[in-house]
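Colleague: To start, I am sharing the structure in question, which I have written as structure tokens.
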Amino acid sequence: MAAPGPCSVSAALQEHLRHLTLQDFPCGLGSWNKSRFAARRSPHGGQPGLWADPARQEEDVPLGEESPEALIELLKDRHSPWALPPGCSPQDQLLREVAVLEPKLIHGSNVFQVLRSLRLVDKGVEEVDAGLLQLQQLEELILSANHISRVDSANLPQTLKVLELCCNAVADLQDLCAQPPPELQHLGLGYNRLCGSLQDKCLTAAFWPNLVSLDLSFNNLTDLLGLVSQLSSLEKLRILVLKGNPLALIPTYRGFLVDSLPKLSVLDDIHVGFDERHQFLGLASQPELMRSEARVVVSVGDMKGVPDPSTLQELADDSDFPVITYSYCVTYEFVEGEEFDDGSSAEVTKIHESLEGATLDADSSAQNTGETNQQEPAATEEPKASSTKVFVTPGKPWEDAIDCSYRKEHIVKDLMGLKSYLAAGTIVSVVEEKVLSWPVEGDPEENIDRNKKARRRQQKDGARGPVHKDKQKKKKKTCEFRSDPPIRKTLATRKVTLEALLATEDLVTALCDFGILITKKPPQPPSVEKRLSPQGKKKSKDKSKTPKAESKSQAKQKASTSAKGKIKKKGSSVLEEGEGLQPVPLTVQFQMQLLRWPLAASAQNQESVATAVGSTQ
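Its first residue numbered -17, the sequence shown is counted upward by one per residue in my numbering.
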């Protein structure tokens, strides 16, 4: 956060000059150089002072004074106490050297006649005041990372060629376009608050006839057609930066600009080549392709490191019921919009609806590394401009490497909401679903209700009674099961950054590493002695009189348990006690791609073909 500072450019400039110490040693006038400038004021006109002869500067320096070379060396040496503080510009260094060689040129208000470049970055500036007009030779003005919300062009020197206002709060260009500097060649307005469509033709040649470079990156511009209609009048424009705006998410964004602005050399910091121009030739003449929507494809690949649920069985080995089934899925957040599925939408929708109706309990035993935390979604979630929706991959049974094979294409028309979502990132989670199934006959309450209903039917129609019994016998032959509501547990969560999609990247691939899941050991079954009946306990007491027989049985139990500890279950990735291999961390392959032209065009064709086939059927 910036330290509290002045509010106007003039006040910030005065404070900046004070930090440069242009009037103190080794700059300015003082005892360290008084003879040099006193000789200049000698009555013998036309005779240069002793300091003016380079060959005599070192040998004619009076005692107690320093030569200009020695003073400048004190300024340039980074270990010198008079070196420039960090963050100063080359212009600051030049000013200090002038203060050594010609102190009078920068004395008082004369310094304003020397300044050609002014750099005030993160100085707390809020206003561009009229005091800036004192800099009559100013050509470059850099006011990045301040708090400027409006710029009155009447307060800008007409000699300006570079105006950089990056990272401010500018939301309107009308004041800036009132009397803009006519010779301006670069205008930097990146990371401001320009939104919607720029009204009143503020970016035309009528205001900026010599503009060569324009930076409008990371604003909230949405009207691509309107913006291009203004920029096409800038005949000298060669460099354009629009990345980070919602309009840059449109699939035909780059192709439309390249074809509409034939003189453009660099777009979004990427050179525009001949091949690219040929690829997008004619796209500007097809405005119907400029759909104000974005297409994003989300893919989920292999999931590895999930603990084997068979090793976490909490029931006794000899129990047959309930039958427990496990499945695993991946969830992620995405901005609400339309979805174009690959055929697995029905199953995903069912799981999604069930997840919305249930609470996902975080596993307290899951350990995450780095920024991973089970409570991260609730703790770090901030209010977003658009609502998000949780999407779920189809559930898969446990394997060493669970292949999710998930792909979904999202069509988003809310470009502002999509930009906010990409800037915030998404939350990826691994969810375990556990279902307990019980035999229907094993439930006494259900059997009672079923018998009551059968008796009522027999009373109404006695003739059909025997037939109903036969049917009931046939049903008993097939064992029916009822399933309890699924128990869902979030094993781990992680945030995936997606800011690269707002820049020039079209694809973000992340291997979500959740760390090693530390699972609780299943409870051990009761010992043989505890499971014996009271009579058996008496017998065991009687047998305790024969220590040899007891020691043999104990030896057999120890041998069997040690052998079991060394055996690894088939297909299991979780190791039993006694094995020396390290557990595998839980990882998920996650990928998000922003479709560009012509990839988006092929996707649209596939969608239209699928719609046509569906209508004919």
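Using N, Cα and C, we set each Cβ at its ideal position, and we do this for glycine too.
From a predicted model like this one, the values you see are computed outputs, not experimental measurements.
Measuring alpha carbon to alpha carbon, tell me which of V107, L97 and F572 ends up nearest L71.
Modeller: What you label residue 71 is simply residue 89 of the sequence shown in a count that begins at 1. The question names Leu, but residue 71 is Ser in the sequence shown. It is L97 whose Cα lies nearest to the Cα of S71.
Colleague: Grab me the residues of V248's own chain with a C-beta within less than 6 Å of its C-beta, minus the 5 sequence neighbours each way, in chain order.
Modeller: In the sequence shown, the residue the question calls residue 248 occupies position 266. Within the same chain, V248 has close Cβ partners I221.
Colleague: To the nearest angstrom, report how far apart E47 and I54 are at their CA atoms.
Modeller: Numbered from its first residue, the sequence shown carries residue 47 at position 65. Numbered from its first residue, the sequence shown carries residue 54 at position 72. Those two C-alpha atoms are separated by around 14 Å.
Colleague: Measure the C-alpha to C-alpha separation of A(-7) and G172 and round it to an integer number of angstroms.
Modeller: On the sequence shown, position 11 is the one that residue -7 refers to. On the sequence shown, position 190 is the one that residue 172 refers to. Between A(-7) and G172, the C-alpha separation is close to 25 Å.
Colleague: May I have the straight-line CA-CA distance separating G287 from S309, to the nearest angstrom?
Modeller: Residue numbering aside, residue 287 sits at position 305 when the sequence shown is read from its first letter. Residue numbering aside, residue 309 sits at position 327 when the sequence shown is read from its first letter. Spanning the two alpha carbons is a distance of roughly 14 Å.
Colleague: Determine the DSSP secondary structure at F238, reduced to helix, strand or coil.
Modeller: One-based indexing of the sequence shown puts residue 238 at position 256. Note: F238 maps to helix in three-state DSSP.
Colleague: Considering only C-alpha positions, which residue in the set P228, L246, P269 and K390 is nearest to E283?
Modeller: Sequence index remark: in the sequence shown, residue 283 carries index 301 (1-based). Sequence inspection shows Gly at residue 283; the Glu mentioned does not correspond to that position. That would be K390, whose Cα lies nearest to the Cα of G283.
Colleague: Tell me the residue span of the alpha helix (DSSP H) that contains Q161.
Modeller: In the sequence shown, counting from the first residue as 1, residue 161 sits at position 179. From DSSP, Q161 is part of no alpha helix (DSSP H); its letter is neither H nor E.
Colleague: Is the region 175 to 189 touching the region 148 to 161, taking contact as three or more C-beta pairs under 8 Å?
Modeller: At 8 Å Cβ cutoff, the stretches touch.
Colleague: Can you tell me whether K469 is buried or exposed, with buried defined as 16 or more other CB within 10 angstroms of its CB?
Modeller: Taking the first residue of the sequence shown as 1, we reach residue 469 at position 487. Note that residue 469 corresponds to Ile in the displayed sequence, not to Lys. It counts as exposed.
Colleague: Terminal residues of the continuous beta strand (DSSP E) containing K477?
Modeller: Locating residue 477 in the sequence shown gives position 495, counting from the first residue. It spans I469 to V478 - the beta strand (DSSP E) in which K477 sits, taken as one unbroken run.
Colleague: Identify which residue in A153, R132 and L169 has its Cα closest to the Cα of K143.
Modeller: What you label residue 143 is simply residue 161 of the sequence shown in a count that begins at 1. Here the closest residue by C-alpha is L169.
Colleague: Please say whether T408 and K477 have beta carbons closer to each other than 9 Å?
Modeller: By one-based count along the sequence shown, residue 477 stands at place 495. By one-based count along the sequence shown, residue 408 stands at place 426. It is a contact, given that the beta carbons lie within the stated cut-off.
Colleague: Can you confirm whether the region 1 to 18 touches the region 130 to 140 when touching is taken to mean that 3 or more C-beta pairs between the two stretches lie within less than 8 Å?
Modeller: They do not touch, by the three-pair rule.
Colleague: Would you decide whether K58 is buried or exposed? Buried here means 16 or more other CB atoms lie within 10 Å of its CB.
Modeller: As a working mapping, residue 58 is identified with position 76 in the sequence shown. Under this definition K58 is an exposed residue.
Colleague: Tell me which residue opens and which closes the beta strand (DSSP E) that F496 is part of.
Modeller: In the sequence shown, the residue the question calls residue 496 occupies position 514. Element bounds for F496: L489 to G497.
Colleague: What span of residues does the alpha helix (DSSP H) with K401 cover, start to end?
Modeller: Locating residue 401 in the sequence shown gives position 419, counting from the first residue. Run containing K401: L397 to A406, per the alpha helix (DSSP H) assignment.
Colleague: Give me, in chain order, the residues of the same chain whose beta-carbon lies closer than 7 Å to that of P580; leave out the 5 immediate sequence neighbours on both sides.
Modeller: As a first step, residue 580 must be located in the sequence shown, where it is residue number 598. Hits under 7 Å: none found.
Colleague: Taking S637 as part of the alpha helix (DSSP H), name the residues at either end of that continuous run.
Modeller: Because the chain in this structure spans residues -17 to 599, residue 637 falls outside the shown range and cannot be described.
Colleague: Could you spell out the range, first to last residue, of the beta strand (DSSP E) harbouring L576?
Modeller: Stepping through the sequence shown from its first residue, residue 576 is reached at position 594. L576 -> beta strand (DSSP E) spans L568 to L576.
Colleague: Give every residue of the same chain whose Cβ lies closer than 6 Å to the Cβ of P85, excluding the five residues on either side of it in the sequence, and list them in chain order.
Modeller: As a first step, residue 85 is located in the sequence shown; it is residue number 103 there, counting from the start. Here the set comprises G10 and L11.
Colleague: Can you tell me whether A81 is buried or exposed, with buried defined as 16 or more other CB within 10 angstroms of its CB?
Modeller: The residue given as residue 81 occupies position 99 in the sequence shown. A81 is buried by the Cβ-count criterion.
Colleague: Let me confirm a value: S402 is counted as buried when at least 16 other C-beta atoms fall within 10 Å, else exposed. Which label applies?
Modeller: Locating residue 402 in the sequence shown gives position 420, where the first residue counts as 1. Buried, since its Cβ has 16 or more Cβ neighbours within 10 Å.
Colleague: Taking 9 Å as the cut-off, decide whether the C-beta atoms of L224 and L209 are in contact.
Modeller: Translated into positions along the sequence shown, residue 224 becomes position 242. Translated into positions along the sequence shown, residue 209 becomes position 227. Yes.
Colleague: Could you check the C-alpha separation between K471 and V413 for me, to the nearest Å?
Modeller: Counting from 1 along the sequence shown, the entry for residue 471 is found at position 489. Counting from 1 along the sequence shown, the entry for residue 413 is found at position 431. Near 6 Å, if we compare the C-alpha coordinates of V413 and K471.
Colleague: Between L176, A406 and P233, which has its C-alpha nearest I393's C-alpha?
Modeller: By 1-based counting over the sequence shown, the position of residue 393 is 411. Closest option to I393, Cα to Cα, is P233.
Colleague: Just to confirm before moving on: does the CB-CB distance between R578 and Y235 stay below 9 Å?
Modeller: As a working mapping, residue 578 is identified with position 596 in the sequence shown. As a working mapping, residue 235 is identified with position 253 in the sequence shown. Against a cut-off of 9 Å, the Cβ pair of Y235 and R578 comes out as a contact.
Colleague: Note down the Cα distance separating V570 from N150, rounded to an integer number of angstroms.
Modeller: Position 588 of the sequence shown, counted from the start, is the residue given in the question as residue 570. Position 168 of the sequence shown, counted from the start, is the residue given in the question as residue 150. Near 39 Å, if we compare the C-alpha coordinates of N150 and V570.
Colleague: Quick one: what's P421 bridged to in DSSP?
Modeller: Residue 421 sits at position 439 when you count from the first residue of the sequence shown. Paired residue(s): F463.
Colleague: Let me make sure I understand the geometry here. Which of L4, L(-5), T475 and D205 has the alpha-carbon closest to that of S99?
Modeller: On the sequence shown, residue 99 is found 117 positions in, with the first residue counted as 1. Residue L(-5) is the option with its Cα nearest to S99.
Colleague: With C-beta atoms as the reference, is L404 less than 9 Å away from L493?
Modeller: Counting from one through the sequence shown, the residue named residue 404 turns up at place 422. Counting from one through the sequence shown, the residue named residue 493 turns up at place 511. No, they are not a contact pair.
Colleague: What are the boundary residues of the alpha helix (DSSP H) that S211 is part of?
Modeller: Here the question's residue 211 lines up with position 229 in the sequence shown. Its alpha helix (DSSP H) spans residues L206 to L213.
Colleague: Anyone know if the C-beta pair for V194 and Q167 falls short of 9 Å?
Modeller: On the sequence shown, residue 194 is found 212 positions in, with the first residue counted as 1. On the sequence shown, residue 167 is found 185 positions in, with the first residue counted as 1. In contact: V194 and Q167 (Cβ atoms closer than 9 Å).
Colleague: Between which residues of its own chain and H1 is the CB-CB distance below 8 Å, once the five residues before and five after are set aside?
Modeller: Numbered from 1 along the sequence shown, position 19 holds the residue referred to as residue 1. Cβ within range, chain order: P67.
Colleague: Can you tell which of D488, D241, H129 and T141 has the C-alpha that lies nearest to the C-alpha of L102?
Modeller: For the purposes of this step, residue 102 is identified with residue 120 of the sequence shown, where counting begins at 1. Selected option, being the one with the closest Cα: H129.
Colleague: Going by DSSP in three states, N202 sits in which element: helix, strand or coil?
Modeller: The residue labelled residue 202 in the question sits at position 220 within the sequence shown. Reduced to three states, the DSSP call for N202 is strand.
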